[in-house]
Structure formats: structure tokens, C-alpha cells
């Protein structure tokens, strides 16, 4: 079986690249998909429909356009990896985790121990909590190769 893995969350570090490289090195039967990770491009996703004068409506419009991709990719993935960094509040990542939980889509959270408490509900629905990209690759190897 070939697995589709959705990589959600924090965009300021290279965690996605580390997971991709680890999976490639182990020759895992996976394809990775993700939201648009170019922050300015994501913020401007709705501008093709006309740029509103008000920041709220620009964000609203862009989030809906981005939502087309996010919703489709989450609904069609086999597993989601949801990364929470320590610099920013990633409300979008928490929303993705909730959407996965509502769909019954398995997800793995990836974050440090220092934010366990604020993420307790998110982690409670996760199938695993990893603290490093290498641990994520270990889990992916187990579930894709041993399956």
C-alpha cells in the first residue's frame, strides 16, 4: 500500500524536509502533501478574486481559498502530521487537528514537551505524540512497512 501523508502546521523550520529526507532514506511507500508554506503567498491566496480594502476580509477570502486545498488534502490523506512550534500560536494547526479528529483521520502531533499542557486536547485525539521529525519517520516506517 502507498500512503499519503499530510504535513500540517508550523512553517518556520525545516521539519518537513527532515521528515521527507528520512522517509526517502528508508524508502518508505509514502507521498507527502502540505498546505502552501510560503507565508506571503498564503496570505495573498484570495487576492486573485480582488483585494478587499479591509484586512479582515482579505484574510477571510484567502483562508477560504487556502481551505479548498487544506480540506481536500486532509480528507484524502491516510495520516496527518501536525507540527506545533514554540514561537507562534498555530491556530491553523489546531484547526487541522480538530478536522482530522472529526473525520476520524489518524494524526500524529509533533511538538516539544514544553507545550504539552496547552495541547492536551489536541494530543488526546492524536494517535501518537512525537518530539522530533526522526520519531515521526520511525512511526511512519512502522505503520507503512509493517502493515
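Residue numbers (the numbering used here): 94 to 240. Just so you know, even glycine gets a beta-carbon here, dropped at the ideal spot from N, CA and C. Quantities reported herein were computed from a predicted structural model and do not represent experimental measurements.
- Message: Rounding to the nearest angstrom, what Cα-Cα distance links residue 237 and residue 147 in this structure?
- Response: 46 angstroms
- Message: In chain order, what are the residue ranges of uninterrupted alpha helix (DSSP H) at least 4 long that sit wholly in the region 198 to 234?
- Response: 213 to 218
- Nearest residue (CA-CA) to residue 123, options 221, 106, 98: 98
- Three-pair Cβ contact test at 8 angstroms for the region 166 to 182 versus the region 204 to 213: yes
- Using the rule of at least 16 other Cβ atoms within 10 Å of the residue's Cβ for burial, across every protein chain shown, is residue 163 buried or exposed? buried
- Query: In this structure, what does DSSP give as the bridge partners for residue 184?
  - Reply: Answer is none; residue 184 lacks a bridge partner.
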